[in-house]
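Novice: Have a look at the structure that comes next, please.
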Amino acid sequence: MTDHSDEKITQIYLLHSDAVFKYIYYMVSDKHLAEDLTQETFIRVYKNLNQFRSDSTISTWMIKIARNVTLDHLKKKRFKHLLNIDLFMNTLTNKQISYGDLMIQSEDVNNLYQSLNTLKKEYKEVIILRKINECSIKETAMILEWSEDKVKSMTSRALIQLRKEFKKREASFSESFR
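Add 1 to the 1-based position in the sequence shown for the numbering used here, that's all there is to it.
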């Protein structure tokens, strides 16, 4: 891919910016920072577009660049991050549900993302890629530079750990109402 025309770059941006932003946002939990890191990702994509090889999809290649940009930032800043649930709260409030149901679902979502934050980095990352960004096993393996078998086993382990953490939080939430 050597065509650096403005039209081609614009097309790439329009097709992939949402996925890149979503991945970064879930890693850093800060909308403005995610926007900045998304911009940095696309600058790197533009500068390195001639190095893209078609042994992966452009989307996978870009998420890998986004991962590197994000990890570089986190290392530099020693950034302590929590996942933000605003995106999911918007989804919940768009449904026709009662206030009580909304409160229960809000607490479930909050517990889920607090639980996700307790996981080690590799577990968190594989869950974000596989379950939130909906990357295939092959795409996830390429992004994380793991074998497909490792992606499968890490996803399984990560989900088991996430369920354990979620159940602990759910139990402590229930205890607070007794």
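Cβ atoms here follow ideal geometry from the backbone N, Cα and C, with glycine treated the same way.
By DSSP, does E123 sit in helix, in strand, or in coil?
Specialist: Helix.
Novice: Taking the alpha-carbon positions, what's the E171 to S157 distance?
Specialist: In a straight line, the C-alpha of E171 is about 21 Å away from that of S157.
Novice: Checking 8 Å against the spacing of the C-beta atoms, do Y124 and M155 come in under that value?
Specialist: Yes. Within cutoff.
Novice: Suppose the cutoff is 7 Å on Cβ atoms and the five residues either side in sequence are ignored; what does the same chain contact list for A159 look like?
Specialist: Only L120, Y124, V127, I128 meet the Cβ criterion.
Novice: Ignoring anything shorter than 4 residues or poking outside the region 12-58, list the alpha helix (DSSP H) runs there in chain order.
Specialist: For the region 12-58, whole alpha helix (DSSP H) runs of length 4 or above, ordered along the chain, are 32-49.
Novice: Look at the alpha carbon of K139 and the alpha carbon of E149, and state the distance between them as a whole number of angstroms.
Specialist: Approximately 6 Å between the Cα atoms of the pair.
Novice: Please look up how many angstroms separate the CB atoms of R54 and I144, rounded, as I've assumed it's under 8 Å.
Specialist: About 15 Å; that fails the 8 Å criterion.
Novice: Out of D31, S173, V46, which one is the CA nearest neighbour of S18?
Specialist: Among D31, S173, V46, the Cα nearest to that of S18 belongs to V46.
Novice: What is the rounded straight-line gap between the Cα of L16 and the Cα of L75?
Specialist: Approximately 26 Å between the Cα atoms of the pair.
Novice: Whole angstroms are fine: how far does the CA of I44 sit from the CA of L34?
Specialist: Looking at the two C-alpha atoms, the distance is approximately 15 Å.
Novice: Measuring CA to CA, which of M63, S30, N111 is closest to Y14?
Specialist: Y14 has its Cα closest to that of M63, out of M63, S30, N111.
Novice: Let's see if you can read the secondary structure: which residues bound the alpha helix (DSSP H) around L130?
Specialist: Per DSSP, L130 belongs to no alpha helix (DSSP H) and is neither H nor E.
Novice: Here's a check: name, in chain order, each residue in its chain whose Cβ is nearer than 8 Å to the Cβ of F22, leaving out the five neighbours to either side.
Specialist: Cβ neighbours of F22 beyond the five flanking positions: A35, E36, T39.
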